[in-house]
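Colleague: Counting from 1, one number per residue, gives the positions in the sequence shown under the UniProt record's numbering.
We put the beta carbon where it would ideally sit given N, CA and C, even for glycine.
Source: prediction; values computed, not measured.
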Amino acid sequence: MYLKDMRHTNGHVSSLTSCLWDPSDKNKFITAATDATIRVWDVESSLKQQEVVVVRGAGKSKGNRKLSVTAMGYPMEQDRGKYLVSGHDDGSISIWSTLTTNKVRADINIDHAHSYGSEITSVVVHRDGNRIYSRSNDSTIKLWDIRKLKNNGLGGGGCGAVSVVDGGVVSTYPQTSISLSPNGNKVLVATNDGVIPELVFFDSADLTELYRKRIEIDGNRSGEQYRETGANKSKVSLVKVFWHKKIEQLAVTNSLGNTQIFYNDNKNSNDTAVVKNKGIIQCINKKASTIKDSSKGSATDGGDYGVVGKIITPHALPLFKEESASVSQSARLRKMAKIRKNPVLSAKPEPPVNAGRQGKGGMIGTSETQYIMRSIMKDTSRDEDPRAALLKHAAEAEANPIQ
């Protein structure tokens with residue numbers, strides 16, 4: 001059965017693409033999926049979402065077609081949680097002031113924010129609440145000013161873009177992201193446009209490229225880096241980047257499934273994040289824990305841990321042991337019958353109390369039928385008239401009087 005009305009489903013019916021905490025309410029979070037819905041959830045209720053918004057195309061060429069939501073973003077400081085930005089699989093961007101089930105259209109729609117049919121991989125809102133950065137798999141990054149979009153109505157044709165980066169930021173994975181520096185002055189993206197993957201830094205004001213940093217993976221500092229995929233080889237790519245606002249450490253993931261974290265190791269720095277030893281620095285300075293073993297004393301990580309506890313293998317018990325091929329079938333059956341007579345080897349359960357004295361089959365309890373009949377056939381002796389009961393025997397007493 002194919003589900004048509006997404007508003008009447010209690011959850012997403014296809015893969016999720018994004019999940020964000022609501023910055024204005026710590027008990028709510030928002031999810032998006034390829035089923036063309038954005039859903040609002042409450043942590044106190046796990047059975048059903050609170051609100052469902054079905055996303056549909058706004059342009060004339062799209063008609064009323066549903067759009068898969070591939071990315072979401074919130075303003076986190078200025079205008080905290082005031083609106084939500086969503087990116088779609090057709091290259092369009094929508095801005096929502098409220099998320100309610102009866103909402104039909106977004107407040108602002110940018111019909112051709114990126115090339116038509118190019119999936120939006122990431123949208124990020126600047127800390128000032130006015131600038132929006134979007135990235136698509138058409139290898140472009142765009143800067144939008146929400147104030148200009150409002151002044152121009154619903155926008156359209158991507159005409160509201162303030163700055164555009166076209167080229168040099170190849171995006172081969174649908175999860176490739178954008179990250180802002182803690183102070184909001186730089187925009188950071190990952191790309192594999194070259195021999196070795198790179199991190200590219202842009203000015204957040206106009207997307208002017210500042211510098212690039214090559215990222216070596218698995219210690220390979222020269223030559224192309226590849227990932228084995230059966231008989232084929234594909235180039236390793238950086239996928240997601242995240243620049244933590246408080247501890248100012250940078251996390252980068254790649255297509256090999258690894259995560260690299262970069263931090264400032266300058267002990268003379270005035271950076272409070274270094275002084276506090278947070279994040280990855282805390283893990284580096286932490287000693288490996290010692291695991292105690294009852295059989296071999298203790299061992300550290302990577303050592304021989306020995307046998308911990310008692311391991312029981314059921315098939316090592318006599319009842320489950322397989323006989324050799326030379327043992328005849330009759331001998332095997334005689335042995336099994338002998339084991340069955342032994343209550344210990346056969347694990348015979350304890351017999352019931354007062355076995356064979358009451359009930360059916362030696363059980364104390366009665367059957368269900370007996371219980372029902374007892375409740376139906378009640379004792380009515382208290383309801384009988386004692387005078388009428390004595391008069392029943394009057395004729396017999398007169399015929400055979402007791403001398």
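Are the beta-carbon atoms of Ser92 and Ala113 separated by less than 8 angstroms?
Modeller: Their beta carbons are under 8 angstroms apart, which means Ser92 touches Ala113 by this criterion.
Colleague: For Val189, which of Ile146, Ala161 and Ala251 has the nearest alpha-carbon?
Modeller: If we check each option's Cα against that of Val189, Ala251 comes out closest.
Colleague: From Ala33 to Gly184, what distance separates their C-alpha atoms?
Modeller: Approximately 29 angstroms between the Cα atoms of the pair.
Colleague: Rounding to the nearest angstrom, what Cα-Cα distance links Glu198 and Glu216 in this structure?
Modeller: Near 9 angstroms, if we compare the C-alpha coordinates of Glu216 and Glu198.
Colleague: Just how far apart, CA to CA, sit Asn64 and Tyr211?
Modeller: Approximately 43 angstroms between the Cα atoms of the pair.
Colleague: Let me know if Gly87 comes out buried or exposed under the rule of 16 or more other beta-carbons within 10 Å of its beta-carbon.
Modeller: Classification of Gly87: buried, given that the 10 Å Cβ count is 16 or more.
Colleague: Taking the C-alpha atoms as reference points, what is the distance between Trp41 and Asp25?
Modeller: Whole-angstrom Cα-Cα distance: 11 angstroms.
Colleague: For Arg80 and Ser97, I'd like the C-alpha separation in whole angstroms.
Modeller: Cα to Cα, the separation comes out at about 12 angstroms.
Colleague: Would you tell me roughly how many angstroms separate the C-alpha atoms of Thr259 and Val239, rounded to the nearest one?
Modeller: Distance between the alpha carbons of Thr259 and Val239 is about 10 angstroms.
Colleague: Kindly give me the distance between the Cβ atoms of Ile120 and Asn130, rounded to whole angstroms, as I take these residues to be in contact under 8 angstroms.
Modeller: That belief does not hold up - the Cβ atoms of Ile120 and Asn130 are roughly 19 angstroms apart, past 8 angstroms.
Colleague: Give me, in chain order, the residues of the same chain whose beta-carbon lies closer than 7 angstroms to that of Met377; leave out the 5 immediate sequence neighbours on both sides.
Modeller: So the list is empty, once near-sequence residues are dropped.
Colleague: If you count every other CB in all the chains shown that lies within 10 Å of the CB of Ala37, and 16 or more means buried, which is it?
Modeller: The question names Ala, yet the displayed sequence has Thr at residue 37. It counts as buried.
Colleague: Where Val69 and Lys82 are concerned, what is the direct C-alpha to C-alpha distance, given to the nearest angstrom?
Modeller: Cα to Cα, Val69 sits roughly 19 angstroms from Lys82.
Colleague: Kindly indicate which residue of Ser136, Cys19 and Gly117 has the alpha-carbon position closest to the one of Tyr74.
Modeller: Looking at the Cα atoms, Cys19 is the closest of the given residues.
Colleague: Just grab the DSSP bridge partners of Leu199 for me.
Modeller: Its beta-bridge partners are Ala190 and Lys213.
Colleague: My assumption, with CB atoms under 8 angstroms, is that Ser179 sits in contact with Trp243. Please give the rounded CB distance.
Modeller: Between Trp243 and Ser179 the Cβ distance is about 5 angstroms, and since that is below 8 angstroms, they are a contact.
Colleague: Between which two residues does the beta strand (DSSP E) containing Leu20 stretch?
Modeller: Element bounds for Leu20: Leu16 to Trp21.
Colleague: Which class does Arg65 belong to by DSSP, given the choice of helix, strand or coil?
Modeller: Note: Arg65 maps to coil in three-state DSSP.
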